[in-house]
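Asker: Okay, handing you the structure first.
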Ligand SMILES: O=C(O)Cc1cc(O)ccc1O
Ligand SMILES: [Fe+2]
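Next up, the structure:
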């Protein structure tokens with residue numbers, strides 16, 4: 001098992017058609033489904049979009065494998081479902097709570113005991129819609145202390161975008177292996193089987209899951225043809241397979257937010273060659289090329305979108321993945337931190353490392369916050385006071401360094417899991433960070449205004 005990324009080979013690009021052979025000559029030439037495939041392999045198509053999706057958005061991959069995926073015992077429910085289940089795939093009154101309150105959580109320590117692998121360490125925080133209806137999303141977090149062993153995970157519900165915050169993830173997929181470090185993200189599209197090893201031991205992070213669509217690069221509009229995330233920096237694995245007899249190997253399938261298990265006597269990582277445009281990929285966030293204001297005012301954070309999952313309405317995202325990376329702040333006569341605001345979109349934020357520019361205290365690496373639709377939020381009192389009292393310093397260019405925050409932003413309003421609201425990590429005093437914001441108002445004569453107001 002590789003511990004270093006240099007040992008792994010990747011293919012570059014996002015949305016293009018790729019192909020990879022672990023054994024030369026294993027990929028059929030000129031057709032997908034010959035009567036007998038090279039080397040006696042089985043051909044299997046994995047469709048990520050409906051067969052008839054227009055070509056520009058159609059995604060599928062052909063896998064050439066030692067045995068087809070269908071060769072397994074029946075699926076059985078894996079865990080007690082309903083109330084109390086860790087994972088949610090339908091966000092309704094039975095499973096979750098609606099709250100407009102500003103929410104914040106301190107980071108959860110990764111427990112050393114009991115043993116928890118990625119599957120069992122994954123828990124839903126909030127979400128909207130339904131995986132059955134193919135519209136919505138879920139936001140999960142994970143805290144795991146053990147590599148998956150003798151099992152693979154398959155998410156039938158949607159695509160996972162995983163943001164590791166502590167500990168690298170060595171992810172084996174049907175297309176091959178990827179090593180993903182904090183500061184990188186990885187997307188595992190719906191239906192791919194994968195196994196997560198933890199080369200550094202205890203590990204935690206964030207996951208967004210989207211139902212019914214896939215991530216794509218945002219349009220660049222007037223920015224032009226280059227900038228933000230560049231397609232060539234997205235890396236997909238190269239074919240890798242194992243052949244050994246593996247009695248009792250378990251496939252754990254998330255289906256409608258519930259887990260089901262089926263056994264088989266071989267590894268699902270038995271794909272010798274593949275080709276297609278429906279593939280897992282990773283991306284190093286330090287490759288992101290930020291654009292921003294160069295004279296005055298604070299631009300909207302949409303300019304920092306790495307990937308977007310669209311809805312049918314142009315410009316309205318099911319889920320945007322936005323980052324706040326190191327960059328120069330140069331705006332003149334400008335309040336440079338994020339502005340105070342209320343947003344029709346809902347904002348879930350996490351911190352990978354460092355300090356976030358809007359929060360002097362309390363928002364820590366591995367922690368999270370949620371400001372839902374129209375819930376007011378913005379810089380805490382300390383940040384506001386420090387910024388306006390340093391008005392002179394704010395004239396100079398300032399490099400924001402050693403920080404990496406991100407946001408999952410959605411047009412659908414999230415409902416929150418009860419255990420997230422009741423969690424010991426919940427910061428019940430979060431609202432206090434704004435309570436100290438005082439009035440700086442004075443009328444032209446430096447007097448307090450009359451109760452009738454100023455006219
Ligand atoms: O709320 C936040 O901290 C995220 C955010 C950042 C920003 O620079 C502008 C708007 C916004 O919602
Ligand atoms: Fe915001």
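Numbering (the UniProt record's numbering), first residue to last: 1 to 455. From the three backbone atoms N, C-alpha and C, an ideal C-beta is built for every residue, glycine too. It should be emphasised that the depicted structure is a prediction, and the values quoted were computed from it without experimental measurement.
(1) Please tell me whether residue 113 and residue 144 are closer than 7 Å, where the distance is taken between their beta carbons.
(2) Below 7 Å between beta carbons: does that hold for residue 21 and residue 27?
(3) Say yes only if the C-beta of residue 258 is nearer than 6 Å to one or more non-hydrogen atoms of ligand 2, and no if none qualify.
(4) Assuming residue 105 is part of the beta strand (DSSP E), what are its boundary residues?
(5) Helix, strand or coil for residue 435, going by three-state DSSP, please let me know.
(6) Residues with a Cβ closer than 5 Å to any heavy atom of ligand 1, in chain order?
(7) Confirm the yes/no value for this check: CB of residue 347, any heavy atom of ligand 2, distance under 6 Å.
(8) Bridge partners of residue 61, per DSSP?
(9) Comparing C-alpha positions only, which one of 59, 40 and 73 sits nearest to residue 261?
(10) Between residue 309 and residue 217, what straight-line distance do the alpha-carbon atoms span, to the nearest angstrom?
(11) Name the residue from 342, 285, 42 and 289 whose alpha carbon lies nearest to the alpha carbon of residue 268.
(12) Can you give the Cα-Cα distance for residue 48 and residue 215, rounded to whole angstroms?
(13) Can you tell me where the beta strand (DSSP E) with residue 69 in it begins and where it stops?
(14) Which residue marks the beginning of the alpha helix (DSSP H) containing residue 387, and which one marks its end?
(15) Check this for me: beta carbons of residue 353 and residue 337, under 7 Å apart or not?
(16) Under 8 Å: do the segment 281-290 and the segment 228-239 share three or more Cβ pairs, one atom per stretch?
(17) Nearest-angstrom Cα distance between residue 59 and residue 348?
(18) Suppose you measure from the CA of residue 78 to the CA of residue 219; what does that come to, to the nearest Å?
(19) Among 302, 207 and 168, which has the Cα closest to the Cα of residue 221?
(20) Does DSSP put residue 365 in a helix, in a strand, or in coil?
(21) Near residue 332, which residues of its chain fall below 7 Å by C-beta distance, leaving aside the five closest residues on each side in sequence?
(22) At the level of alpha carbons, what is the spacing between residue 524 and residue 183?
(23) In three-state terms, what does DSSP make of residue 2?
(24) Check the DSSP bridge columns for residue 346 and list the partner residues they point to.
(25) Could you name the residues that DSSP lists as bridge partners for residue 223?
(26) So residue 463 packs on residue 147, CB below 8 Å; how close in whole Å?
(27) Excluding five sequence neighbours on each side, which residues of the same chain lie with their C-beta closer than 7 Å to the C-beta of residue 185?
(28) Just to confirm, are residue 339 and residue 405 a CB contact at a threshold of 7 Å?
(29) Got a sec? Which residues, its chain only, sit under 8 Å from residue 386 by beta carbon, not counting five neighbours each side?
(30) List the endpoints of the continuous beta strand (DSSP E) containing residue 328.
(31) With which residues is residue 155 paired in a DSSP beta bridge?
(32) For the segment 406-425 against the segment 124-136, are there 3 or more C-beta pairs whose distance is under 8 Å?
(33) What distance in whole Å lies between the Cβ atoms of residue 410 and residue 307, which are believed to be in contact at a cut-off of 8 Å?
(34) Can you give the Cα-Cα distance for residue 314 and residue 258, rounded to whole angstroms?
Answerer: Quick look at the numbers:
(1) no
(2) yes
(3) no
(4) 103-105
(5) helix
(6) 301, 338 and 358
(7) yes
(8) 46 and 276
(9) 73
(10) 9 Å
(11) 42
(12) 12 Å
(13) Per DSSP, residue 69 belongs to no beta strand (DSSP E) and is neither H nor E.
(14) 381-389
(15) no
(16) yes
(17) 28 Å
(18) 41 Å
(19) 302
(20) coil
(21) 295, 296 and 395
(22) Because the chain is modelled from 1 through 455, residue 524 falls outside the range shown and cannot be assessed.
(23) The pLDDT assigned to residue 2 is 45, lower than 50, so where the model puts this residue is not dependable; a value taken from the coordinates is nonetheless given after this. Three-state DSSP puts residue 2 in coil, outside helix and strand.
(24) 410
(25) Answer is none; residue 223 lacks a bridge partner.
(26) In the structure as shown, the chain starts at 1 and stops at 455, and residue 463 therefore has no counterpart that could be examined.
(27) 161, 162, 163, 282, 283 and 285
(28) no
(29) 360
(30) 327-329
(31) 254
(32) yes
(33) Wrong, their Cβ atoms sit about 13 Å apart, outside the cutoff.
(34) 32 Å
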